[in-house]
Amino acid sequence: MEVSTVDSSADRAQDVRETPVAWCPSGDASRPESVVLGVRSGDGDQVVYLAEPVPAADVLGSIPEGIAPSRVLRFASHCVSDCANRVGEACGLIERIKTVPAGTGASAVPRCHLRPHCKWWNQTGVEACHRCPAISTLNSRDDELTVLVADPATTREQLESWVAAGR
């Protein structure tokens, strides 16, 4: 009798809830373990989180050609040691994101299936959750702040200076 070694979609989605691995909430959709974290809404382009993880591979084919998947979805994947944002064991991206003031109405923490294994949550706690819905993995070159935050070479001091200048 032959036993299949191919994981089902449900098995891959279950991985996010049962793994001891840290997950990045700004993950790469092309990674095999990647799941959809949420959908970008028209309401200020905020992320609306899914109640349950859905394997990215199951939805990527549904996105019309010419539309970047990160334009409409947010993905989560395993944190990896060769990530450009990694600083030792920490995530430099969330440290840069924390420099930017949280938006208004950021007192409620959204429900999130990723939280128990989320690198940002485990590194910075609720501060990450207040900013996470506004994070886009699709950077617009017209948005200087987004470009600065996304650039691993940007220092916290540069971001604080930019924010203080009120741009």
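One rule links them: number in our numbering = place in the sequence shown (from 1) + 14. Note that CB positions come from ideal geometry on N, CA and C, so glycine has one too.
So residue i is in the beta strand (DSSP E); what residue range does that whole segment cover?
i: S91; result: 87 to 92
i: E66; result: 61 to 69
i: R54; result: 49 to 54
From residue i to residue j, what does the alpha carbon distance come to, in whole angstroms?
i: P124; j: A179; result: 30 Å
i: C105; j: L74; result: 26 Å
i: A71; j: R45; result: 9 Å
i: E171; j: I81; result: 35 Å
i: L64; j: V35; result: 20 Å
i: P39; j: V53; result: 13 Å
i: L107; j: A122; result: 22 Å
i: L87; j: S55; result: 9 Å
i: A43; j: V50; result: 8 Å
i: E109; j: S84; result: 22 Å
i: V68; j: L173; result: 34 Å
i: H144; j: Q137; result: 14 Å
i: G41; j: S48; result: 7 Å
i: S95; j: E103; result: 8 Å
i: I97; j: S175; result: The sequence shown places Cys at residue 97, not Ile. Computed Cα separation, rounded: 26 Å.
Enumerate in chain order the residues of its own chain whose CB-to-CB distance from residue i is below 7 Å, with the five nearest sequence positions on each side excluded.
i: E141; result: K112
i: N99; result: C105, G106, L107, P166
Tell me which residue opens and which closes the alpha helix (DSSP H) that residue i is part of.
i: G106; result: 106 to 113
i: R170; result: 170 to 178
i: V140; result: 140 to 145
Closer than 8 Å by C-beta to residue i: which residues in its own chain qualify, once you throw out the five before and the five after it? Chain order, please.
i: W37; result: V30, A90, S91, H92, C93, L128, H131, C132, K133
i: T169; result: none
i: A167; result: none
Under the rule that 16 or more other beta-carbon atoms within 10 Å means buried, what is residue i, buried or exposed?
i: V101; result: exposed
i: E79; result: exposed
i: G139; result: exposed
i: W135; result: buried
Whose C-beta lies closer than 6 Å to the C-beta of residue i among residues of the same chain, with five residues either side of it excluded?
i: I77; result: P83
i: V62; result: G52, V53, S55
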